[in-house]
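For reference, the structure discussed in these notes is given below.
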Amino acid sequence: MIAIENTAVRGGGSIWTLQQMADIRKFAVNKGVKTHLDGARIFNALAETGDNPADVAKNFDTVSVCLSKGLGAPVGSVLLCNKDVETKARRARKAFGGGMRQAGFLAAAGIYALDHHVKRLKDDHKRAKVLGNTLKNLPWVKSIDPVDTNIVVIEVEDSTKALQVFSDNGIRAVKSVDPMKSAW
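Sequential numbering of the sequence shown, starting at 7, is according to this note's numbering.
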């Protein structure tokens, strides 16, 4: 199986283009391999590209959509798939203890997030770009990755100072190691 994540967190929120996804699909079909889209932040990607969700989904056998990342639902993911995969996924979910009581309340939160928060993602992206542009001009910032969506990745000279400056300005930040070198 070939699986991609859109937006790619390890790419600092970078976006796969529709053409790249179509090329991956074509390669996979030629090799007899299934494709999966980890759409953890798919609505962030769609907010930037303006692509039709159906055009994106047709490049994959399965698509997962997270309702909490960026959308504000407390928990929840949705799996888009055919009936055969759905049957297997439901069986696996039950085997791993996936039955929940009161799931309707969480489903309502997910529906609310879809109805009210998707349209706000462009605002999040604008704020992240402003933050990125501001940070790149500070003397204690070594480097900053391109800001495509709502993820801002910077390298600083002094992480203690940086975290204090962020905290003093009401910005929540975490110290992290290079994700490309650490276990994910």
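We treat Cβ as the ideally placed atom computed from N, Cα and C, and that holds for glycine.
Asked                                                                                                                                                                 : Found
Is H123 helix, strand or coil when you go by DSSP?                                                                                                                    : coil
Among Q170, V69, L85, which has the Cα closest to the Cα of N12?                                                                                                      : V69
If you draw a straight line from the C-alpha of N139 to the C-alpha of A95, how long is it?                                                                           : 43 Å
Below 8 Å on the Cβ atoms is my contact criterion, and I expect V147 with V162 to pass it. Report the Cβ-Cβ distance as a whole number of Å.                          : 6 Å
What are the complete alpha helix (DSSP H) segments, minimum 4 residues, inside the segment 51-128?                                                                   : 59-63, 89-101, 109-122
Check whether the Cβ atoms of L77 and G116 lie closer than 9 Å to each other.                                                                                         : yes
For chain B, find out if any of its Cβ atoms is closer than 9 Å to the Cβ of F172; answer yes or no.                                                                  : The chain inventory of the structure shown lacks chain B, comprising one protein chain alone.
What three-state label does DSSP hand A189 in the structure shown?                                                                                                    : Any reading at A189 must be qualified, since the residue scores a pLDDT of 46, below 50, and its modelled position is unreliable; no value is offered.
Any idea what DSSP makes of S173, helix, strand or coil?                                                                                                              : helix
Which value, in whole angstroms, describes the spacing of the CA atoms of S20 and P152?                                                                               : 8 Å
Report yes if the CB atom of D129 is closer than 9 Å to the CB atom of T155, and no otherwise.                                                                        : no
Enumerate in chain order the residues of its own chain whose CB-to-CB distance from M27 is below 7 Å, with the five nearest sequence positions on each side excluded. : V62, N65
In terms of alpha-carbon separation, which member of A168, N58, A114, G56 lies closest to S83?                                                                        : A114
Of all the options I30, L127, V81, R178, which has the alpha carbon lying nearest to the alpha carbon of A109?                                                        : V81
Taking the alpha-carbon of R47 as reference, which of S165, L120, V136 has the nearest alpha-carbon?                                                                  : L120
State the Cα-Cα distance for the pair A189 and Y118, rounded to the nearest angstrom.                                                                                 : For A189, the predicted model reports a pLDDT of 46, less than 50, meaning its position is unreliable; a value from the coordinates is still stated below. Computed Cα separation, rounded: 34 Å.
Would you decide whether V71 is buried or exposed? Buried here means 16 or more other CB atoms lie within 10 Å of its CB.                                             : buried
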